[in-house]
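Structure first, commentary second.
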Amino acid sequence: MPERPSTAESSFVDRVYMLVRKIPRGRVTTYGAIAEACGSRISAKMVGWAMNMSHRVLPPVPAHRVVNRKGILTGKHHFATPTLMQELLEREGIRVEDDRVIDFDKLFWDPRKSI
DNA sequence: ACCGTGACTGGCA
DNA sequence: ATGCCAGCCACGG
Numbered sequence: 012m013p014e015r016p017s018t019a020e021s022s023f024v025d026r027v028y029m030l031v032r033k034i035p036r037g038r039v040t041t042y043g044a045i046a047e048a049c050g051s052r053i054s055a056k057m058v059g060w061a062m063n064m065s066h067r068v069l070p071p072v073p074a075h076r077v078v079n080r081k082g083i084l085t086g087k088h089h090f091a092t093p094t095l096m097q098e099l100l101e102r103e104g105i106r107v108e109d110d111r112v113i114d115f116d117k118l119f120w121d122p123r124k125s126i
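Written out as structure tokens, the structure is:
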């Protein structure tokens with residue numbers, strides 16, 4: 012793990028985690044939105060990569076609240092079990108059907124508004 | 001050191 | 001409407 016990432020304080024990974032932790036319970040956002048909020052140099056794919064590593068960082072990162080632009084749970088296969096991501100979302104009152112967040116538009120949380 | 005690939009996305013065919 | 005392509009940066013083989 013990145014014990015000493017280059018420029019730890021400004022590492023994009025840290026900024027991504029910090030932002031994802033701010034996502035309110037019961038709300039969701041997208042990889043692209045986070046990437047945009049963290050700087051144009053960061054791509055949505057890098058956010059996905061960061062999420063892939065996020066399971067071992069502290070404090071915990073609510074990676075299940077991050078979905079793709081269509082509200083689809085594209086990252087579900089990276090959780091402990093294929094159904095865990097959906098279960099975590101439903102536990103917060105978010106309804107998921109066929110791997111899609113219902114009312115995604117209404118539940119979308121814009122990261123830029125809370126920086 | 002090079003190349004393929006990734007929890008993505010917007011644009012163009 | 002669907003599908004493919006390039007671009008984003010880091011990492012593993």
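In my numbering, the protein residues as written are 12 to 126.
All C-beta atoms in this analysis are idealised placements derived from N, C-alpha and C, irrespective of residue type, glycine included.
Report the CB separation of residue i from residue j in whole angstroms; it is logged as a contact under 8 Å.
i, j, result
"M62", "A48", "With 8 Å as the limit, M62 and A48 do not qualify as a contact, their Cβ atoms being about 15 Å apart."
"F119", "V39", "6 Å"
In chain order, what residues of the same chain lie with their CB nearer than 6 Å to the CB of residue i, ignoring the 5 residues before and after it?
i, result
"A46", "I53, S54, A55 and V58"
"H66", "none"
"M96", "H75, L84, K87 and F90"
Please say whether residue j and residue i have beta carbons closer to each other than 8 Å?
i, j, result
"V68", "V31", "no"
"G37", "E103", "yes"
"G82", "R111", "yes"
"A44", "D116", "no"
Starting from the C-beta of residue i, find all residues in its chain whose C-beta is less than 8 Å away, skip the five residues before and the five after it, and write them out in chain order.
i, result
"E108", "none"
"P93", "K87"
Please work out which residues of its chain come closer than 7 Å, Cβ to Cβ, to residue i, disregarding the five sequence neighbours upstream and downstream, and give them in chain order.
i, result
"Y42", "A55, V58, G59, V77 and N79"
"R106", "I113"
"E101", "V107"
"S125", "K33"
"V27", "I45, C49, V58 and A61"
Starting from residue i, trace the alpha helix (DSSP H) both ways and give me its first and last residue.
i, result
"S83", "Here the sequence assigns Ile to residue 83, which means Ser is not the residue at that position. No alpha helix (DSSP H) contains I83, which DSSP labels as neither H nor E."
"N63", "A55 to M64"
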